[in-house]
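Sequential numbering from 4 applies to the sequence shown in our numbering. Where is the CB? At the ideal position from N, CA and C, for every residue including glycine. Below is one structure; the comments refer to it alone.
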Amino acid sequence: MTTPVAGEGGVDAYAKLAELGITLPQVVPPLAAYLPAVQTGNHVYVSGQLPMIEGKLPLTGKVGAEVTAEQGAELARTCAVNVLAAVEALVGLGRVVKIVKVSGFVASAPGFTGQPAVVNGASNLFGEVFGEQGRHARSAVGVAELPLGAPVEVEAIIEVA
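See the structure below:
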């Protein structure tokens with residue numbers, strides 16, 4: 004673990020995670036030909052993270068059918084934890100300056116329009132961990148299918164020092 008970035012608005016992400024009772028998991032291995040996260044300049048681009056827990060999806064199916072919106076939000080929160088694990092493995096959470104952009108993809112049943120509330124599960128976690136630095140631009144998109152039948156997937160762009 005690295006120490007938090009000194010200066011304006013520096014947040015100790017490790018202390019916040021401990022306060023929330025969250026232990027970062029190992030990075031979820033890629034399902035295909037990509038890297039979990041890549042740094043270029045002062046930004047880390049985190050590939051879409053599924054809500055894997057110990058290598059398995061706790062739920063599969065479409066939100067609005069087999070998965071409730073509340074369950075979807077909890078799964079999006081798990082995706083966000085996996086995003087943080089990828090950042091930790093690449094550069095360390097102590098270097099995070101700002102969560103810049105979050106994109107959430109929700110496997111949606113026909114007629115389901117609550118994607119923003121589902122992706123709030125991820126957005127809220129980033130806010131809880133980083134405070135103002137966790138506020139970000141965002142997209143919440145309904146899709147027909149996600150890898151492995153996952154109900155939700157989250158990717159992020161993060162500024163680092």
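The three-state secondary structure of R138, taken from DSSP, is coil.
The beta-carbon distance between K65 and S111, rounded to whole angstroms, is 6 Å. This is short enough to meet the 8 Å contact definition.
Assignment of beta-bridge partners to Y48 by DSSP yields V41 and I160.
Per the C-alpha coordinates, the member of V146, A153, A89 and K104 positioned closest to A140 is K104. Residue environment for T81: buried (at least 16 other C-beta atoms within 10 angstroms of its C-beta). Annotation: the region 87 to 135 contains the following complete segments of the beta strand (DSSP E) (minimum length 3 residues), in chain order: 99 to 110. Distance from the CA of G134 to the CA of P150, rounded to the nearest whole angstrom, comes to 31 Å. Straight-line measurement puts the Cα of P33 at about 16 Å from the Cα of E91.
In the displayed model, G145 falls within a strand according to three-state DSSP. For the pair N85 and P28, the CB atoms are nearer than the 8 Å cut-off.
Here K59 carries a strand assignment [DSSP, helix/strand/coil]. Buried is the label assigned to S126, since at least 16 other Cβ atoms lie within 10 Å of its Cβ.
The beta carbons of G124 and A76 sit closer together than 8 Å.
In this structure, L23 lies away from A83, with their beta-carbon atoms at least 8 Å apart. Taking 8 Å as the cut-off, the Cβ atoms of V122 and V109 count as close. The alpha-carbon of A72 is positioned some 21 Å away from that of A159.
Apart from the 5 residues on each side of it in sequence, T63 sits with its Cβ closer than 6 Å to the Cβ of G152 in its chain, given in chain order.
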